[in-house]
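Each residue of the sequence shown is one higher than the one before, starting from 877 at the first, in this note's numbering. First up is the structure itself, then whatever we jot down about it.
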Amino acid sequence: MWTRALGPLIKVNLYIRIYAEDTMKKLILVTLTALAVASMSLRAQGGAIDELFTNSAPRVAAPAVSGPAIVGQPVGQAPVQREWLVLVFINGVNDLGLLGFADKSINDMEKVGSNDKMAVVVEYGILGIADPATRTLKIPKGTKTIYIKQDADAGKITSQIISTSTASDMGSVNSMVRFAKRAIRRYPANKLALVIWNHGAGRLGISYDDMTKNHMEVDQLGQGLAQIKSELGHNINVFATDACLMQMAAVAYELRNSADVIVGSEEVIPGNSYPYDTILGQLGVNTGMNAEQLGVVMVDAYKASYPAYAAASGNAGSGEVVTLSALRTSALPGFVGKLNNWVDAVMNDPQALKIATSKAAVDGAYYFYMEDSKDLYTYISSVNSKLGIKGPGAKNAGTALQNYIKNSLIIRNGVLPVSVKAQGMAIYIPELTYNSSNYEKLAFAADSYWDDYLRTMMEERLK
877 MWTRALGPLI KVNLYIRIYA EDTMKKLILV TLTALAVASM SLRAQGGAID
927 ELFTNSAPRV AAPAVSGPAI VGQPVGQAPV QREWLVLVFI NGVNDLGLLG
977 FADKSINDME KVGSNDKMAV VVEYGILGIA DPATRTLKIP KGTKTIYIKQ
1027 DADAGKITSQ IISTSTASDM GSVNSMVRFA KRAIRRYPAN KLALVIWNHG
1077 AGRLGISYDD MTKNHMEVDQ LGQGLAQIKS ELGHNINVFA TDACLMQMAA
1127 VAYELRNSAD VIVGSEEVIP GNSYPYDTIL GQLGVNTGMN AEQLGVVMVD
1177 AYKASYPAYA AASGNAGSGE VVTLSALRTS ALPGFVGKLN NWVDAVMNDP
1227 QALKIATSKA AVDGAYYFYM EDSKDLYTYI SSVNSKLGIK GPGAKNAGTA
1277 LQNYIKNSLI IRNGVLPVSV KAQGMAIYIP ELTYNSSNYE KLAFAADSYW
1327 DDYLRTMMEE RLK
């Protein structure tokens, strides 16, 4: 199964023709960087991903562009105030675009379309194949923004193009903010759901553009959502990542002041992504639902869609894992307080500290494709089980943290198969090396004691 995680890179030399919109270029030798196929059960070394981004090209900002070419703008007509505006930023400038997953997601949205209570708007750049026989690639020349309309053609995108841009970097937060601001002004609504569709790497970032070699780092994502909030005049009601590994404590905390509900996966997300037809179908007939209700719909629809997918693709019973959770950001300050209480209790008890930082305790946590991303709830369970009657203060603080995660922070958690113990919130626990330069620039490291705990854990392992 193709997933949204960034795996080991393979260098493949191919003779291809580059096709950019209507312009043909001469035959050249190109080194194509392709992501290795990884099944959802495959576990990659977390350190390899750190190294990948450490050695990547310098990040650049998206170039400023002039106003978009508006198509079909009504003249002299006041915009309709809808209940919901759903924005999906689809970065298909990568293997997901080549394999047709971006087109599929848009076609799924077109099964439902917009209505007078719900506007669905997509900005996309998609790396495609112009001619499979000659291995001719279709390189996106800028982006298109479309207003999703219902159609019955599952093989073709027919929605109205409302704007185009000749210069866009889908790995830049500036591109996403520009898209969101324009859509908010053109399609005003009481509530906003914003989805980023691409590859994800948890605390390391999201939205990887294979042409510009750029991506959004987590702190930049937080800054971008703050700009969108300012344009709205209130929080983004639902922010979702249709990308792997993004439901982590440090990521959610960075976005806490700009979104009410965050939907994301602790584990990888398959190429088939969210079931947009089901989600939009339910929202379209019940636009009165609030942010938390939409979060529940997204989690339940996602979970329900994958048994059918597994059966259709012949993967039923293969042991592949899917996870999705919705959390309320208003509970994040309390979550950090409970986490800090636990860190205090553990670090002030030498015996509890030795047990909590042991390899056995860490290995007892449920881990994901990127192994240094571990489910926090199951990590606390592992520590508590090894504490036994020792360290009652640490054990009580751990139980209080678990109760808060389950009863206050997580709105809905969906996992398959049922044997998966993940409880909706992952946290960074490195295997061997603590990447402080990446982690400690985030607000979570500033406000929580977790970075101090990780440093102590590394020291304990050296004893």
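Every residue, glycine too, gets a C-beta built ideally from N, C-alpha and C.
Rounded separation between residue i and residue j - CA only
i: tyrosine 1152; j: leucine 963; result: 12 Å
i: methionine 1165; j: threonine 1309; result: 44 Å
i: phenylalanine 1211; j: tyrosine 1280; result: 7 Å
i: lysine 1282; j: glutamine 1299; result: 7 Å
i: lysine 1020; j: proline 1293; result: 38 Å
i: asparagine 1113; j: arginine 1337; result: 42 Å
i: alanine 1116; j: serine 1201; result: 10 Å
i: glycine 1100; j: alanine 1135; result: 12 Å
i: glutamine 1096; j: leucine 1080; result: 11 Å
i: aspartate 971; j: leucine 1003; result: 8 Å
i: glutamate 1316; j: asparagine 1090; result: 21 Å
i: glycine 968; j: lysine 1271; result: 46 Å
i: histidine 1110; j: threonine 1163; result: 18 Å
i: lysine 1025; j: glycine 1274; result: 49 Å
i: tryptophan 1218; j: isoleucine 1303; result: 14 Å
i: valine 1175; j: serine 1181; result: 10 Å
i: serine 1048; j: tyrosine 1084; result: 9 Å
Given residue i as reference, the closest of the options once Cα atoms are compared
i: glutamate 1168; options: Tyr1129, Ile1286, Asn1311, Val1197; result: Ile1286
i: lysine 1297; options: Leu1318, Thr1254, Gly1267; result: Thr1254
i: proline 1306; options: Lys1089, Ser1206, Leu1252, Glu1247; result: Glu1247
i: arginine 1054; options: Val998, Lys1017, Glu1093; result: Val998
i: isoleucine 1037; options: Ala1069, Asp1045, Leu1068, Val996; result: Val996
i: asparagine 1050; options: Leu1068, Asn1217, Asn1066, Glu1093; result: Glu1093
i: arginine 1288; options: Ala1236, Ala1237, Lys1266, Lys1179; result: Lys1179
i: alanine 1276; options: Phe977, Gly1213, Asp1328; result: Gly1213
i: valine 988; options: Ser1258, Lys1235, Ala1241, Gly1160; result: Gly1160
i: valine 956; options: Asp979, Asp992, Asn1074; result: Asp992
i: proline 1183; options: Asp1239, Asn1148, Asn1133; result: Asn1148
i: asparagine 1133; options: Gln1103, Thr1154, Leu1156, Tyr1150; result: Gln1103
i: tyrosine 1325; options: Ala1028, Ala1125, Pro1008, Ser1039; result: Ala1125
Residue(s) in a DSSP beta bridge with residue i
i: aspartate 1085; result: Asn1090
i: threonine 1117; result: Ile1072
i: lysine 993; result: DSSP lists no partner for lysine 993.
i: asparagine 1216; result: Partner(s): none; asparagine 1216 has no beta bridge.
i: phenylalanine 965; result: Glu999, Ile1072
i: alanine 1302; result: Met1124, Asp1251
i: tryptophan 960; result: Met994, Lys1067
i: leucine 825; result: Past the edges of the chain, shown from 877 to 1339, lies residue 825, and the structure says nothing about it.
i: glycine 1004; result: Lys1014
i: threonine 1021; result: Glu999, Ser1039
i: glutamate 1333; result: Note that residue 1333 is methionine in the sequence shown, not glutamate. Answer is none; methionine 1333 lacks a bridge partner.
Other residues of its chain near residue i: CB distance less than 8 Å, five sequence neighbours each side excluded
i: methionine 1122; result: Gly1076, Gly1078, Ile1082, Gly1140, Ser1141
i: leucine 1131; result: Leu1097, Gly1098, Leu1101, Phe1115, Ile1138, Thr1205
i: glycine 1267; result: Ala1221, Val1222, Asp1225, Gln1227, Ala1228, Ile1231
i: glutamate 1335; result: none
Residues near residue i in its chain [Cβ-Cβ closer than 6 Å; skip 5 each side]
i: alanine 1333; result: The sequence shown places methionine at residue 1333, rather than the alanine named in the question. Thr1233.
i: glutamate 1143; result: Val1197, Thr1199, Phe1244
i: asparagine 1340; result: With the chain running from 877 to 1339 in the structure shown, residue 1340 is simply not present.
i: glutamine 1158; result: Val1173
i: lysine 1262; result: Ile1231, Ala1237
i: leucine 961; result: Ala995, Tyr1063, Ala1065, Leu1068
i: valine 1071; result: Val964, Ala1116, Asp1118
i: methionine 1087; result: Val969
i: phenylalanine 977; result: Gly1147
i: leucine 1330; result: Tyr1310
i: alanine 1059; result: Leu963, Val997
Any non-hydrogen atom of the ligand ATP within 7 Å of residue i CB
i: glycine 1300; result: The model depicted lacks the ligand ATP and carries no ligand whatsoever.
Cβ of residue i within 8 Å of any chain B Cβ
i: asparagine 1148; result: No chain B appears in this structure, which consists of one protein chain only.
Residues near residue i in its chain [Cβ-Cβ closer than 7 Å; skip 5 each side]
i: alanine 896; result: With a pLDDT of only 35 at alanine 896, under the threshold of 50, the placement of this residue in the model should not be trusted; the figure read from the coordinates follows. Correct list, in chain order: Ile1015, Lys1017.
i: glycine 973; result: Ile1002, Leu1003, Gly1004
i: isoleucine 1155; result: Val1173, Met1174, Ala1177
> Which ranges would you report for the alpha helix (DSSP H) in the segment 1122-1198 if only whole runs of at least 4 residues count?
Replying inline: 1125-1130, 1152-1161, 1167-1188
> Curious, which full-length alpha helix (DSSP H) runs of at least 4 residues does the segment 1036-1062 contain?
Replying inline: 1049-1062
>> Please give me, in chain order, every unbroken run of the alpha helix (DSSP H) with length at least 4 that falls completely inside the segment 1258-1283.
In response: 1268-1280
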